[in-house]
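Take a look at the structure below.
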Amino acid sequence: MTLLNILLTIFFSIFSTAILSYISMAVMIGPWIHSVIVILCSLIFALLGSKIAQTNRIQSIALITAGSSIGGILATGCGFAFPTLYFLNPTLFNAWLATPYYFVAIMAGLTFSAGALGLFIANIFEHKLLNVDKLPFAVGEVSYKLASIQENLFQAYQLIAGSIASAAYSIGLILTHAAQRFTLFTEFSFKGIQIPTINIPLNEFPLLLSIGFIAGTMLIVPLSIGIVSKILLMTPAHTHFFSYLSYNDFSFAFISGMVVHGAFMSMLELPKFFKGVFKRLTASSSNESTPSSSTYTKYLTWQTAATFCVIIAFLTWFKFSFMLQLYLIPFTMLCSYQLLVIGGELSLAPVARFATFVMMPALFIFNPDYIQLTLISTFVEVCGGVAVDILFGRKLGQLSSVSTKQIKQFQWLGLTVSALSVGVIFWLLITKLGLGSASLIAQRSQTRALTIQFQNFDFYAMIFGALFGAILKDFKVSPIMVLGGILMPLEWALLLVIGGTAASLCKKPEEYHPFWSGVFAVNSIVTILRAIF
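Going by our numbering, the sequence shown runs without a break in its numbering and finishes at 535.
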């Protein structure tokens, strides 16, 4: 079974990396991929028959999932941050794309070094967070339940049904030579309010509905506010008060104001952040909180040396000064620890927010160039996200009675395969679909670029956007999620809202997640294949 486990880990690492690379740049969320991998593995082992013992089957699924799920969060961190350079300096970014081997090497070095640091941080705090603080790391628990209960075969059938339905839909579009878009209604104006043409994207239709359904109610309110504010607030404001600007200049300034306000409010939270981190780090100072095994200590020492040599070499290649490296690495580790706590308690990893924590002080203190700012953001997001995913896998391994040594080996394998493949996948997607297009909007990267370039925009339009962001914050609505409704094509946001609304109408929407996971996985793969060919 060992060879099969290794082969499946490699396959699902590439699978996870490919799907989340596309999803993270196409929309503004990055769902955990664990449940999809567990269900697909359950189906594969079910097809192999009853020769495999139940215990061995669960342990194999745990190893494969713990290793290959890293590709999903690694790709999400890259999709949220790495395209920032394109929106800051498209000429340079396109020059990198024109030399594919260099582009792939950059992404491999960046993601492997950041992921290795995340794995190192997870190793340090694994005992404290899992065994002493006993944080649930619920994604690991849910994955174990999916792998161990007999009902998961029904969920596998749901996944197959969703996959077949999505594949049949895509094949039907190809065979019928259907148009890529269906016009729901054309542009019209009403008393100065202009509603644009709604063209439903037929290729991405299943994908957007499925993501909306899986995300659930969290998308409905902010995206709806974004849609309404774009039509009823931004367009009239431009017409009556900011007509001296083009609409694009006004909208970029307005959005930049929202983003800068959010970044400023995040910076105000830094003292509280540091206080919370140090309080947690010093709370469990007893010997129980850290392993005393000499073997484990030697392993950490070797891993520390190797990890930091790789990181320093990569950062030095891109001319990070000694002081900037001395700032980036410890600050990233602190942020990653806090992300571990959040991930353990809430099963969330708000990596973009913590990337802002690290990037904004660096912007004003060290005056880094656009390349360095992009690398800082991506480094923090990948490192923190991978650290959280590692402990999800360790929790799954604990519950499945898999040795920590085996889990670590498969997680290193997953990290290596994902780091080597992410650059190839990004290159294919970006060169074929185009960054900033309706299919690859890269909203998170666009907003980060606007944060960095805020001084280039109209001051009064930025103030207007900042006030709007402050109002949203007062009503506890995420401005970043609202920005998704503003920046996305109207039809994309509408389909996501429709999917979320459908989930809210179900008593137990999570029961239907396997079906919709199959839909979004297959439709993502079809989109990637369409881009390749």
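Beta carbons: idealized from backbone N, C-alpha and C, even for Gly. Here the structure is a predicted model, which means the values were calculated and not measured.
* Going by DSSP, name the residue or residues bridged to Ile344. => By one-based count along the sequence shown, residue 344 stands at place 342. In the DSSP assignment, Ile344 forms no beta bridge with any residue.
* Is the region 509-520 close to the region 235-248, with three or more CB pairs under 8 Å? -> no
* To do: With DSSP collapsed to three states, give me the class of Phe190.
  => Against the sequence shown, residue 190 aligns to sequence position 188. Here Phe190 sits in strand by DSSP.
* **Contact between the region 460-478 and the region 425-433 (3+ Cβ pairs under 8 Å)** => no
* Would Pro273 be called buried (16 or more neighbouring beta carbons within 10 Å of its own) or exposed? -> Numbered from its first residue, the sequence shown carries residue 273 at position 271. The residue in question, Pro273, is exposed, as its Cβ has fewer than 16 Cβ neighbours within 10 Å.
* Asked: Just to confirm, are Thr11 and Ser70 a CB contact at a threshold of 8 Å?
  -> One-based indexing of the sequence shown puts residue 11 at position 9. One-based indexing of the sequence shown puts residue 70 at position 68. Yes, the pair counts as a contact, with Cβ atoms nearer than the cut-off.
* **Thr185 - DSSP class collapsed to helix/strand/coil** => Taking the sequence shown and counting its residues from 1, one reaches residue 185 at position 183. Strand.
* **Contact the region 203-220 vs the region 161-181: 3+ CB pairs below 8 Å** => yes
* Use the C-beta contact count for Leu350: other C-beta atoms within 10 angstroms, 16 or more gives buried, fewer gives exposed. => Locating residue 350 in the sequence shown gives position 348, counting from the first residue. Residue burial annotation: Leu350 is exposed, with fewer than 16 other C-beta atoms found within 10 angstroms of its C-beta.
* Cβ-based burial, Gly264 [other Cβ within 10 Å; buried from 16] -> Within the sequence shown, residue 264 is the residue found at index 262, counting from 1. Buried, since its Cβ has 16 or more Cβ neighbours within 10 Å.
* Report the rounded CA-to-CA distance for Met464 versus His129, giving the unit in angstroms. => Within the sequence shown, residue 464 is the residue found at index 462, counting from 1. Within the sequence shown, residue 129 is the residue found at index 127, counting from 1. Cα to Cα, the separation comes out at about 46 Å.
* For Pro208, the first and last residue of its enclosing beta strand (DSSP E) -> In the sequence shown, counting from the first residue as 1, residue 208 sits at position 206. Premise fails: Pro208 lies in the alpha helix (DSSP H), 207-217, not in any beta strand (DSSP E).
* One or two residues paired with Ser439 in a DSSP bridge -> The residue given as residue 439 occupies position 437 in the sequence shown. Answer is Leu442.
* Asked: Do Ser536 and Arg355 have their C-beta atoms within less than 8 Å of each other?
  -> Since the first residue of the chain shown is 3 and the last is 535, residue 536 is not available in this structure.
* Could you pull out every residue in the same chain whose Cβ sits closer than 7 Å to the Cβ of Met260, ignoring the five residues on either side in sequence? => If you number the sequence shown from 1, residue 260 lands on position 258. Counting only Cβ-Cβ distances below 7 Å, and skipping sequence neighbours, we find Gly467, Ala468, Phe470, Gly471, Pro481, Leu485.
* To do: Using a Cβ-Cβ cut-off of 8 Å, state whether Gly387 counts as contacting chain D.
  => This model lacks chain D altogether; it includes just one protein chain.
* To do: Would you identify the three-state DSSP class for Asn201, choosing helix, strand or coil?
  => Looking up residue 201 in the sequence shown gives position 199. Asn201: strand per DSSP, three-state reduction.
* Taking contact to mean at least 3 C-beta pairs separated by less than 8 Å, is the region 160-177 in contact with the region 516-531? -> Result yes; three or more Cβ-Cβ pairs closer than 8 Å.
* Asked: Thinking C-beta only, is Leu65 closer than 8 Å to Val572?
  -> The shown model of the chain, from 3 to 535, leaves out residue 572, and the question about it has no answer.
* To do: Mark Leu161 as exposed unless 16 or more other C-beta atoms lie within 10 angstroms of its C-beta, in which case mark it buried.
  => Position 159 of the sequence shown, counted from the first residue, corresponds to residue 161. Buried.
* Under the rule that 16 or more other beta-carbon atoms within 10 Å means buried, what is Ala97, buried or exposed? -> For this step, residue 97 is matched to residue 95 along the sequence shown. Per the 10 Å Cβ criterion, exposed.
* Asked: With a CB to CB cut of under 7 Å and the five nearest residues on each side skipped, what residues in its chain are close to Leu197?
  -> Counting from 1 along the sequence shown, the entry for residue 197 is found at position 195. A quick correction: the sequence has Ile, not Leu, at residue 197. Around Ile197, the same chain offers Glu189, Phe190, Ile233 as residues with beta carbons nearer than 7 Å, after the five sequence neighbours per side are excluded.
* Where does Trp34 sit, in a helix, a strand or coil, going by DSSP? -> Taking the first residue of the sequence shown as 1, we reach residue 34 at position 32. For Trp34, the secondary structure class from DSSP, reduced to helix, strand or coil, is coil.
* Have a look at Ala523 and Ile454 and give me their C-alpha separation to the nearest angstrom. => The residue given as residue 523 occupies position 521 in the sequence shown. The residue given as residue 454 occupies position 452 in the sequence shown. Near 34 Å, if we compare the C-alpha coordinates of Ile454 and Ala523.
* Asked: Can you tell which of Ala20, Ser506, Gly487, Leu5 has its C-alpha closest to the C-alpha of Ile257?
  -> In the sequence shown, the residue the question calls residue 257 occupies position 255. Among Ala20, Ser506, Gly487, Leu5, the Cα nearest to that of Ile257 belongs to Gly487.
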